[in-house]
Amino acid sequence: MRITHLGHACVLVEMADQRILIDPGGFTPGFEDLRELSAIVVTHQHADHLDQQRLPELLRHNPDARVLVDPGSLPIISGLGADAVAHGGTSTLGRVRVTPVGEIHALIHDDIPRIPNVGVVLQAVGEPSFYHPGDSVEGEPGDVDIVAFPLNAPWQRSREMTGFLRRLNPPIAIPIHDGLLGERGRDLYLGQAEALGGADTEIRDLAEQGAIEFRVG
């Protein structure tokens with residue numbers, strides 16, 4: 014497995030001969046230049062996870078990519094003239110199983126309606142498993158080797174971030190959802206994740222590192 018953190022919540026996961034892009038949003042530069050994608054996964058409709066302006070260009074360059082989305086994003090993407098499928102249980106991309114996790118976005122404010130949010134677990138025999146939660150730390154993905162975790166968000170307190178890491182306690186955790194942070198704030202949250210997160214978890218920061226390889230064990 015190779016994982017590239019392209020920026021904010023957007024990651025490219027390469028595993029079992031599949032290239033899966035998750036959450037191509039407005040805070041992520043250059044995702045529209047990607048080619049040979051097997052699938053594009055959208056966890057929810059917020060602009061930092063789904064860039065409606067650039068998504069059509071990405072799809073033109075990747076005409077064979079399957080588009081798997083949460084129910085709330087389905088009419089939006091269909092309105093852009095693209096074919097998409099809402100999660101209806103576990104699906105397959107070649108040898109990769111895509112399992113949806115969760116149903117609803119974290120609470121931002123009582124006056125803001127909550128929308129659908131569906132995280133995903135990616136699994137394939139002989140590869141590490143990977144979980145992207147979208148905008149929620151309430152999902153239950155089961156035992157997962159690598160967890161992407163929101164570092165900072167308007168809907169999240171730092172103790173919720175560290176509590177998420179402690180609850181899942183994965184072998185490896187990758188910080189994402191960091192587009193609102195400057196260098197000083199990012200370092201602060203990373204320090205909290207390392208000091209207060211899962212007891213058995215290694216924090217691996219992939220920002221600006223390119224594609225990083227992970228193996229089982």
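If you use this note's numbering, the sequence shown corresponds to residues 14 to 230, in order. Heads up, the beta-carbon is just placed ideally off N, CA and C, and yes, glycines get one too.
Looking at the structure shown, is residue i part of a helix, part of a strand, or coil, going by DSSP?
i	result
Ile89	helix
Glu45	helix
Pro129	strand
Arg73	helix
Leu34	strand
Leu63	coil
Hey, how far is the Cα of residue i from the Cα of residue j?
i	j	result
Ala220	Glu226	14 Å
Glu27	Arg197	31 Å
Glu49	Val114	26 Å
Gly39	Ala208	31 Å
Glu151	Gly102	18 Å
Asp124	Thr17	35 Å
Arg180	Gly211	7 Å
Ala99	Glu215	33 Å
Ala137	Val109	5 Å
Met14	Glu140	6 Å
Val24	His62	11 Å
Ile35	Val55	6 Å
Leu19	Pro129	24 Å
Asp148	Gln169	9 Å
Tell me residue i's beta-bridge partners as DSSP assigns them.
i	result
Gln136	Arg110
Ala99	Val82
Gly20	Cys23
Thr105	Arg110
Ala231	An answer regarding residue 231 cannot be provided, because it is not within the stretch 14 to 230 covered by the chain.
Arg15	Glu27, Glu226
Ile216	Ala186
Ile117	Pro129
Quick one: does the C-beta of residue i sit closer than 8 Å to a heavy atom of the ligand COA?
i	result
Pro188	The ligand COA is absent from the structure shown, which contains no ligand whatsoever.
Segments of 4+ residues assigned as alpha helix (DSSP H) that fall wholly inside the region 139-212: 171-181, 196-209
The region 183-192 touching the region 145-163, judged by at least three CB pairs closer than 8 Å: yes
Inter-stretch contact (C-beta, 8 Å, three-pair minimum) for the region 79-89 and the region 35-44: no
Contact between the region 62-76 and the region 134-144 (3+ Cβ pairs under 8 Å): The way I'd put it, the region 62-76 doesn't touch the region 134-144; fewer than three beta-carbon pairs between them come closer than 8 Å.
Cβ contact check for the region 27-36 and the region 51-59: 3 or more pairs under 8 Å: yes
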